[in-house]
Amino acid sequence: DFGHSSELAFVVEPSDDIAVQEQPLILYCQVEGIQPITITWRKNGVMIVDSENAFMLANGSLYVSRFQRVRGDGSSDEGEYDCMAQNHYGLVVSRKAKIQAATMSDFHIHPQNAVVEEGGVARFQCQIHGLPEPVILWHKNSMPVNTDNERYTLLPKGVLQITGLRAEDSGIFHCVATNIANVKFSREARLTVSGSHSSVYKDPMILVGPENLTLTVHQTAVLECIATGNPRPIVSWSRLDGRPIGVEGIQVLGTGNLMISDLTVQHSGIYVCAANKPGTRVRRTAQGSLVVQAPAEFVQHPQSISRPVGTTAIFTCVAQGEPPPQITWLRNGQILETSDHIKLKNNNSTLSIYGINQTDEAIYQCLAENSAGSTQASARLTVLWADGLPSPPQAVRAETVSATTIQVSWEKPLQNTKEIIGYVLHIRKAADPVEMEYQEAVSKSTFQQLVTDLEPSTSYSFYIKAYTSRGASKASEVTVVSTLGEVPAMPSLFIKVINSTAVQATWEPSIKLGQHEGFKLYYRKVHLAHYTGPVLLASNVTAYNITHLDASVVYEVKLLAYNQHGDGDSTVRFVSLRETVERTVLNPPCDCMKDEQNNKTSTTGIIIGIHIGITCIIFCILFLMFGYRGRLMMCKNVQEQLSTPQIPRSQRSTAGLILNGAARRDRDDRDLNGKQLDMNELERLFPASPSQEQQDKGMTSAHSPPAPHDDTQISTLPLDEFSIIEEQPDPLPKPPCGGSPPAPAPDHGPANEG
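Counting from 1, position 462 in the sequence shown corresponds to residue 462 in full-length UniProt numbering; the numbering is continuous, with no gaps.
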């Protein structure tokens, strides 16, 4: 366990810089760790030798006396610089510092003359490339533009906006670009403000919308949006994905430009500028994308570790950034090459070293790099080795016993054997990676081990280590041997009788049988000695039909799987077709076509019978209706002949018959010459229960007004939907048609509803 001061690590690393032509440049590098420490510098991967132009200072920094973009021999001081530090524990390399020369090109966009009416919007633009990014200022009539005037907006990319134009805004404009390399002036442009403010309506229009920007975190983004129209449109901003823009670090420049300070990755997105006509939904939009990059930075640094010989060392290095960084591993400053015992996983975030030995002791570095920047972190692997440990076991041999078993034997080490407490056998499929290795422990007095449960026809590697209480020996030599091949397992066979002359043999899917090439099928009559077959079937076949069999005998069916090592055990089944023949004789097969015709005929007969029954019911109802109507007419004629004197309304009480639950009509409007119904006829047509007959005996029908013969209707509803209400009988009831007058009914009140 080493303290922080013992680790070889960078305190200060060189950083990206922009150098001025013919000016000195210093690149800083400071390291801590156990002395002595040697520091060297590289440019583009090539070692820098001290010279008059470039040499290393006492504190480890690199000094370039006169930086030159292009030297006389064609070389350049521009490039990627890194410093390397080394002590007896290992070597580390700093991050790469990108050094560029300060430059400034000529203007490639100059301001243009403009004529704009009063109250309108004027926009001038000039663009120039340079390192570092030039600062652009505007002059009007050879004087700096007054930035205190809120109608004047200066954007960082060399744009000048003037809103609400007035006559005094007319003049000559040009821009001035400045950086550490140079100062340059653009061409001049004249602004003319003409006429007076117009009141003519104009639709909103976006003159210039936001452009696509790619910036780095902590920088400032300015999204331009300038719009015109009459009335002057209202400019608003939103994100295309619907997320809120927020308020922190957000500022509006001029009449609609959006400025975002201290950028973060979350600010990336597509921004939409909308010009809205006041009081309406009329709008115009423009959009631009903002991409914010973040340099690589570590979320988890690799940690220095100490491990005994023969164990596994794991380093983890997790980095983040935008775009996601690429991770590279170095071993003592050199690119780490993977091998059987050195593996990289999880997009190079995890470094695993299996079966470590003293040669693996080094400083391992994780470099994370993307287009926005790079960073590095280092960790040291210390391999623990105790004096007096046993030498490796000797004469390791492996012999194949069967398809699943190998016997491994060895001899004890040549040196330091007294403290041995046991051996560990390391086993792995030869085709598997090292991390798939597993171990079996063996006692110190045993020098052979039977390894079982192996796979047939597979190569395995073996090596041995001797263990003491203080650690393990180095690994023995590796021996590789293969298991024997194995014949397939016995398949599961099932026999299904198809008919009196054929059966179907089916078996389990071939995946359950191990390695095999196909199947062999045999069959014979049980009283015969020889089989028919073999029938060779492919490994993906799971069924076969055996036909042209004799129904009077019993058959034996045999199935086995085979491969290049031979035939596997067979599965045997016996089958008889005699019972199938007997069932066929006792239960002959049905004539499906005939049964179908019988079914169709039976269905047709049922339908015809239903129609005949419905017709009969209709005729019966019609017969009852006309017969009942005729009897009513006869009653009317007889009553007219009897000429019974009318009883005053005040002395008469009638019994009302209410059909279908209908309300009684107003009897005051009925004709006083209404006729009585024949109660016997009503009872004959609608028979009631005995109790109801006793209650209803002697009841008279309610008076109904005379109606023409063709208005008479007979209800065919069932009797349980009728209700009969009895009132006090008339003092002199009329005799029913064709009978003698009944005796006066006692006054017992209304009868219960039927």
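Even for Gly, the Cβ is constructed at its ideal location relative to N, Cα and C.
query	result
Could you compute how far the alpha carbon of GLU508 sits from the alpha carbon of SER576?	22 Å
So what's ARG428 in DSSP terms, helix, strand or just coil?	strand
For the candidate residues ALA167, ARG151, PHE173, THR400, whose alpha-carbon lies nearest to that of LEU137?	PHE173
State the CB to CB distance for the pair LYS444 and ILE464, rounded to an integer number of angstroms; the pair is presumed to be in contact (CB under 8 Å).	Between ILE464 and LYS444 the Cβ distance is about 12 Å, and since that is not below 8 Å, they are no contact.
Check LEU207 in the structure and name its three-state DSSP category.	strand
Hey, how far is the Cα of SER469 from the Cα of SER461?	26 Å
Using a Cβ distance threshold of 8 Å, determine whether the segment 295-315 contacts the segment 372-392, with at least three qualifying pairs required.	yes
Using only the alpha-carbon positions, how far apart do SER94 and VAL396 sit?	46 Å
Assuming contact is defined by CB atoms lying nearer than 9 Å, are VAL272 and LEU240 in contact in what I supplied?	yes
Based on DSSP bridge pairs, tell me the residues matched to ASP567.	TYR562
Considering only DSSP beta bridges, list what VAL31 is partnered with.	PHE10
Suppose contacts are defined by Cβ-Cβ distances below 9 Å. Is ASP567 in contact with LYS496 by that definition?	no
Assign PRO244 to buried or exposed, taking buried as 16 or more other Cβ atoms, counted over all protein chains shown, within 10 Å of its Cβ.	exposed
Keeping to the same chain, check which residues put their C-beta closer than 6 Å to that of VAL553; ignore five residues upstream and five downstream.	LYS525
Please report the straight-line C-alpha distance between VAL193 and ILE206, rounded to a whole angstrom.	20 Å
Excluding five sequence neighbours on each side, which residues of the same chain lie with their C-beta closer than 7 Å to the C-beta of GLN504?	LYS496, ILE498, ALA543, ASN545
According to DSSP, is VAL135 part of a helix, a strand, or is it coil?	strand
Is any heavy atom of the ligand GDP found at a distance shorter than 8 Å from the C-beta of PRO204?	Because no ligand of any kind appears in the structure shown, any question about the ligand GDP cannot be addressed here.
Could you tell me if GLN449 is buried or exposed, where buried requires 16 or more neighbouring beta carbons within 10 angstroms of its beta carbon?	buried
Closest to VAL11 by C-alpha separation, out of GLU248, ILE250, GLY60, would be which residue?	GLY60
Count the other CB atoms within 10 Å of the CB of ILE353; is the residue buried (16 or more) or exposed (fewer)?	buried
Terminal residues of the continuous beta strand (DSSP E) containing PHE462?	459-468
Once DSSP output is grouped into helix, strand and coil, what is the label at GLN112?	coil
Let me know if ASP148 comes out buried or exposed under the rule of 16 or more other beta-carbons within 10 Å of its beta-carbon.	exposed
Where does the unbroken beta strand (DSSP E) through LEU344 begin, and where does it stop?	342-345
Can you tell me whether GLN266 is buried or exposed, with buried defined as 16 or more other CB within 10 angstroms of its CB?	exposed
Determine whether the beta carbon atoms of ASP169 and ALA227 lie at a separation below 9 Å.	no
Would you mind reading off the limits of the beta strand (DSSP E) that contains CYS366?	362-370
Could you tell me the alpha carbon to alpha carbon distance between ASP106 and ASN182, rounded to whole angstroms?	10 Å
Give the range of the beta strand (DSSP E) segment to which LYS418 is assigned.	Where LYS418 is concerned, there is no enclosing beta strand (DSSP E), given that its DSSP letter is neither H nor E.
Straight-line CA distance for LEU367 to TRP385?	29 Å
Cutting at 6 Å between CB atoms, please list the residues of its own chain near CYS126, excluding the five before and the five after it.	PHE107, ILE109, HIS110, PRO111, GLY158, CYS175, SER186
With a Cβ-Cβ cutoff of 9 Å, do LEU484 and VAL451 count as a contact?	no
Considering only the beta carbon of each residue, do VAL292 and MET259 sit closer than 9 Å?	no
Looking only at its own chain, which residues have a Cβ that is under 6 Å from the Cβ of LYS474, when we skip the five neighbours before and after it?	PRO392
Under 6 Å Cβ to Cβ from LEU213, same chain only, skipping five residues before and after it: list those, please.	ALA221, LEU290
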